[in-house]
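A.B. asks:
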Amino acid sequence: MDMQPIPAREGNHNLKQYQKKRQNFDWNEVKQNFSWNQTGKVNIAYEAIDRHAENPDKKDKIALIYSSPDREESLTFNQLKNKSNQFANVLKKHEVKKGDRIFLFMPRSPEFYASFFGILKIGAIAGPLFEAFMEQAVRDRLEDSEATMLITTPELLPRVPQHELPHLKKIVLVGESKDISTDYIDYFKEMESVPEEFSMEWVDLEDGMLLHYTSGSTGKPKGVYHVHNAMIQHYATGDWVIDLKDDDIYWCTADPGWVTGTSYGIFAPWLHGITNVVRGGRFTPESWYGTIDKNKISVWYTAPTALRKLVSAGEKVVNQYDMSSLRHIMSVGEPLNPEVITWALDAFKLRIHDTWWMTETGAMLIVNYPVMDIRPGSMGKPIPGVEAAIIDNEGNKLPPNQMGNLAIKQGWPSMMRAIWKNPGKYESYFINGWYVSGDSAYMDEDGYFWFQGRLDDVINTSGERVGPFEVESKLIEHPAVAEAGVIGKPDPERGEIIKAFITLNEGYSSSDELVEEIRKFVKMGLSAHAAPREIEIKDTIPKTRSGKIMRRLLKSWELGLPTGDTSTLEE
Ligand code: PRX
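Here the UniProt record's numbering is used: the first residue of the sequence shown is 1, the next is one more, and so on.
#1: To which residues of the same chain is residue 292 closer than 8 Å at the C-beta, ignoring the five residues directly before and after it?
#2: What's the gap between the Cα of residue 274 and the Cα of residue 266?
#3: Could you give the distance in angstroms between the alpha-carbon of residue 136 and the alpha-carbon of residue 341?
#4: Tell me, to the nearest whole angstrom, how far the beta carbon of residue 451 is from that of residue 550; I am working on the premise that it is less than 8 Å.
#5: Among the candidates 48, 107, 43, whose CA atom is the shortest distance from the CA of residue 71?
#6: Would you list the residues sitting across from residue 380 in a DSSP beta bridge?
#7: Let's test the definition: count the other Cβ atoms within 10 Å of the Cβ of residue 1 and tell me whether it reaches 16, buried, or not, exposed.
#8: From this set, 417, 449, 367, 375, which residue's C-alpha is nearest residue 400's C-alpha?
#9: For residue 149, report the span of its beta strand (DSSP E) as first-last.
#10: Given a cut-off of 8 Å, decide if residue 437 and residue 407 are closer than it, judged by their beta-carbon atoms.
#11: Between which residues of its own chain and residue 343 is the CB-CB distance below 7 Å, once the five residues before and five after are set aside?
#12: So, helix, strand or coil for residue 1, using DSSP?
#13: How about the segment 409-419 and the segment 370-377: do they share at least three Cβ pairs that are nearer than 8 Å?
#14: Which whole-angstrom value describes the C-beta separation of residue 153 and residue 173, a residue pair presumed to lie in contact below a C-beta threshold of 8 Å?
#15: If you follow the beta strand (DSSP E) that residue 234 is part of, which residue opens it and which one closes it?
#16: Is residue 262 near ligand 1, going by C-beta to nearest heavy atom under 7 Å?
#17: Considering only the alpha carbon of each residue, which of 167, 404, 384, 32 lies closest to residue 364?
#18: Is the beta carbon of residue 354 within less than 7 Å of some heavy atom of ligand 1?
#19: At a cut-off of 7 Å, would you count residue 335 as near ligand 1, judging by its Cβ distance to the nearest heavy atom?
#20: Flag this pair as yes or no: are the beta carbons of residue 542 and residue 498 separated by less than 8 Å?
#21: Relative to ligand 1, is the shortest distance from any of its heavy atoms to the C-beta of residue 456 smaller than 7 Å?
#22: Distance check for residue 171 and residue 184, CA to CA, integer angstroms please.
#23: Going by Cα to Cα distance, which pick from 263, 337, 133 is closest to residue 415?
#24: By the 10 Å Cβ neighbour count, where 16 or more other Cβ atoms means buried, how is residue 461 classified, buried or exposed?
#25: Who pairs with residue 311 in a beta bridge, going by DSSP?
#26: Evaluate residue 117 with the Cβ neighbour count: other Cβ atoms within 10 Å of its Cβ, from every protein chain shown; 16 or more gives buried, anything less gives exposed.
#27: Using a 10 Å radius around the Cβ and a threshold of 16 neighbouring Cβ atoms, would you call residue 474 buried or exposed?
#28: Cα-Cα, which of 77, 261, 318, 47 is closest to residue 271?
#29: The beta strand (DSSP E) spanning residue 263 covers which residue range?
#30: In angstroms with no decimal places, state the Cα-to-Cα distance between residue 431 and residue 169.
#31: Could you give the residue range of the alpha helix (DSSP H) that holds residue 556?
#32: With a threshold of 8 Å, are at least 3 pairs of Cβ atoms found where one atom belongs to the segment 117-127 and the other to the segment 90-108?
#33: What I want to know is whether the C-beta of residue 434 ends up closer than 7 Å to one or more non-hydrogen atoms of ligand 1.
#34: Could you name the residues of the same chain whose beta carbon sits closer than 6 Å to that of residue 356, not counting the 5 residues immediately before and after it, in chain order?
#35: Anyone know if the C-beta pair for residue 369 and residue 241 falls short of 8 Å?
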């Protein structure tokens, strides 16, 4: 669909300032917004919470508005400071030290945010896990990170295979349970017994703060390691892209188990001292519109998959709610359909600003700014201070309109600093000083970037990244499954769905019941979002002579496309 550009609107910075900044951007200027620039004392938790709590004008401002179907609660910056101090004291009491990996496996709740900042305040590294993970996904991440403590709820505890995790020394349980034995630390009891004063562990800008596990096309999920320095870019994009103003009510819909939920669900708004809305519970169009209406949300960061669901819910639903508080909408995670942009112009009288980035990049890199024309279907342009290009496989820049690897010049502040315990994998992301994203794209004559697809087999289903290897490994654990190949199949609402091709072991025959059982096996063992929506039973799965599943061939078959080079196919 070819659409006219949608003209710019006003923002924190005008187009002239933006163009000037792009010519000679200096990240040092952003550093002036942080107290460590004067004091030399660094901790992202201080900048996001305590600094506002120590400011008489900000201390009683609402930091967090939490609502879920069965609970509503708000916390001021001062309250969040005290609660996270208390949790840091709990950690101290249990001998947690700087650099330890402390994981969180729980739904969004005020306790989640208090714990999260408590971990950062003691200088430890936080590892938030998506609440829908099942045993295998939880085990892989805790094992690889060698986490020593986990904060979870009694409901999620059965998914934690404690006896298989020798490093995991302690578990904090948030919530009441009959069978809380003395082996566990009771969150609420401990919090009562510790003071609200804590002396922050000052760290280096290059010290670790966060591990986010994400999927590649091969192997188990990888621990993407981020450091405190990332705050520079969280802050800068909060200004230039999210366009935050002091009295904004901000809502990021992402779960903190994913990077959007930390960089933009926690850091960017709170580094700016903005009121942040967090909604627990399941998605329905009514509950989402209701959240905007009730809280008078002004800035909203969400994902195409949710927007597409809102579009299909129809105008009648949106018209029952007051959307007039909205000023600025952004999207991330998958291609944003031009149709959705058109719909939003009508439904909200606003543009949707697409943003492109990855778990590895830590913050937004290519975006649509409030002050620039949007070309629907384009991800926009690089933020000031970042150079993006399309390169060939040798690292040479390609001219406009030519498709190739979307790459970023190394050295932006929020870039991952390592893949946990896997230096080889980290190195493999870079060619000639360029970070290679794994996405294919082209740039037009005017510098707008256009996403074309993934170059590897990584699947993007409803904006969530799933590695086919993880799903295949789980599938073949089922006694009936001999071999498995997993691909992403295009889907109008979810972007892609997961489709598995399997062969059966001797003695099993194909039936609907068996297929359903295998699907449930992945869902209950790994996680719901990684379970294949379609499973097709085959006589053989195409493999290379060295035994690698040829997912590309499976995909071509599925889509009815030419199969390309099959010279490496096994006999
Ligand atoms: O393929 C791109 C897609 O999501 C991938 C990164 O996924 P993840 O690490 O889970 O991070 C998602 C949110 C930061 C990218 O390699 N992706 C992300 N944003 C966009 C996108 N695809 C198209 N358009 C986008 N705006």
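Glycine is no exception: its CB is placed at the ideal position from the N, C-alpha and C atoms. Everything numeric in this text was worked out from a predicted model, so none of it was measured.
C.D. replies: The short version:
#1: On the sequence shown, residue 292 is found 292 positions in, with the first residue counted as 1. So the qualifying residues of the chain are 251, 300, 321, 323, 325, 326.
#2: Reading the sequence shown from its first residue, position 274 is the one you call residue 274. Reading the sequence shown from its first residue, position 266 is the one you call residue 266. Answer to the nearest angstrom: the Cα atoms are 10 Å apart.
#3: Reading the sequence shown from its first residue, position 136 is the one you call residue 136. Reading the sequence shown from its first residue, position 341 is the one you call residue 341. Those two C-alpha atoms are separated by around 38 Å.
#4: Along the sequence shown, read from residue 1 onward, the residue named residue 451 stands at position 451. Along the sequence shown, read from residue 1 onward, the residue named residue 550 stands at position 550. In this structure, residue 451 and residue 550 do not form a Cβ contact; the two beta carbons are roughly 25 Å apart against a cut-off of 8 Å.
#5: Along the sequence shown, read from residue 1 onward, the residue named residue 71 stands at position 71. Residue 71 has its Cα closest to that of 107, out of 48, 107, 43.
#6: Counting from 1 along the sequence shown, the entry for residue 380 is found at position 380. According to DSSP, which records beta bridges pairwise, residue 380 is partnered with 449.
#7: Taking the first residue of the sequence shown as position 1, residue 1 is located at position 1. No answer about residue 1 holds up, because its pLDDT of 48 lies below 50 and its placement is not dependable.
#8: Taking the first residue of the sequence shown as 1, we reach residue 400 at position 400. The candidate whose alpha carbon is nearest that of residue 400 is 449.
#9: By 1-based counting over the sequence shown, the position of residue 149 is 149. It spans 149-152 - the beta strand (DSSP E) in which residue 149 sits, taken as one unbroken run.
#10: Counting from 1 along the sequence shown, the entry for residue 407 is found at position 407. Counting from 1 along the sequence shown, the entry for residue 437 is found at position 437. Using a Cβ distance threshold of 8 Å, residue 407 and residue 437 count as a contacting pair.
#11: As a working mapping, residue 343 is identified with position 343 in the sequence shown. Answer for residue 343: 311, listed in chain order.
#12: For the purposes of this step, residue 1 is taken as the residue at position 1 of the sequence shown. Per-residue confidence for residue 1 stands at a pLDDT of 48, beneath the threshold of 50, marking its modelled position as unreliable; the derived number appears in the next sentence. DSSP places residue 1 in coil when its eight states are reduced to three.
#13: Between the segment 409-419 and the segment 370-377, the count of C-beta pairs closer than 8 Å stays below three; the two stretches do not touch.
#14: Here residue 153 refers to the residue found at position 153 of the sequence shown. Here residue 173 refers to the residue found at position 173 of the sequence shown. 7 Å between Cβ atoms; contact.
#15: One-based indexing of the sequence shown puts residue 234 at position 234. It is not in any beta strand (DSSP E) - residue 234 instead sits in the alpha helix (DSSP H) that spans 231-240.
#16: Residue 262 sits at position 262 when you count from the first residue of the sequence shown. No, the Cβ of residue 262 stays beyond 7 Å of every heavy atom of ligand 1.
#17: On the sequence shown, position 364 is the one that residue 364 refers to. Minimum Cα distance to residue 364 is reached at 384.
#18: By one-based count along the sequence shown, residue 354 stands at place 354. Correct: residue 354 has its Cβ closer than 7 Å to ligand 1.
#19: Along the sequence shown, read from residue 1 onward, the residue named residue 335 stands at position 335. Correct: residue 335 has its Cβ closer than 7 Å to ligand 1.
#20: Taking the sequence shown and counting its residues from 1, one reaches residue 542 at position 542. Taking the sequence shown and counting its residues from 1, one reaches residue 498 at position 498. No. Outside cutoff.
#21: Locating residue 456 in the sequence shown gives position 456, where the first residue counts as 1. No heavy atom of ligand 1 is found nearer than 7 Å to the CB of residue 456.
#22: Position 184 of the sequence shown, counted from the first residue, corresponds to residue 184. Position 171 of the sequence shown, counted from the first residue, corresponds to residue 171. Between the alpha carbons of residue 184 and residue 171 lies a distance of about 5 Å.
#23: As a working note, residue 415 is residue 415 in the sequence shown. If we check each option's Cα against that of residue 415, 263 comes out closest.
#24: As a working mapping, residue 461 is identified with position 461 in the sequence shown. With 16 or more other Cβ atoms within 10 Å, it is buried.
#25: Taking the sequence shown and counting its residues from 1, one reaches residue 311 at position 311. Beta-bridge pairing links residue 311 to no other residue.
#26: Walking along the sequence shown from the start, residue 117 turns up at place 117. Residue environment: residue 117 is assigned as buried (16 or more neighbouring CB atoms within 10 Å of its CB, all protein chains considered).
#27: Locating residue 474 in the sequence shown gives position 474, counting from the first residue. So residue 474 counts as buried.
#28: Numbered from its first residue, the sequence shown carries residue 271 at position 271. Of the candidates 77, 261, 318, 47, the one whose C-alpha sits nearest the C-alpha of residue 271 is 47.
#29: Position 263 of the sequence shown, counted from the first residue, corresponds to residue 263. Residue 263 -> no beta strand (DSSP E), and no H or E assigned at all.
#30: Position 431 of the sequence shown holds residue 431. Position 169 of the sequence shown holds residue 169. Roughly 40 Å separates the two Cα atoms.
#31: Against the sequence shown, residue 556 aligns to sequence position 556. Element bounds for residue 556: 551-559.
#32: The segment 117-127 is in contact with the segment 90-108.
#33: Here residue 434 is taken as the residue at index 434 of the sequence shown, counted from 1. Not under cutoff, so the answer is no.
#34: The sequence position of residue 356 within the sequence shown is 356, counting from 1. Excluding residues within five positions, the ones whose Cβ falls inside 6 Å are 366, 379.
#35: In the sequence shown, counting from the first residue as 1, residue 369 sits at position 369. In the sequence shown, counting from the first residue as 1, residue 241 sits at position 241. Going by C-beta atoms, residue 369 is nearer than 8 Å to residue 241.
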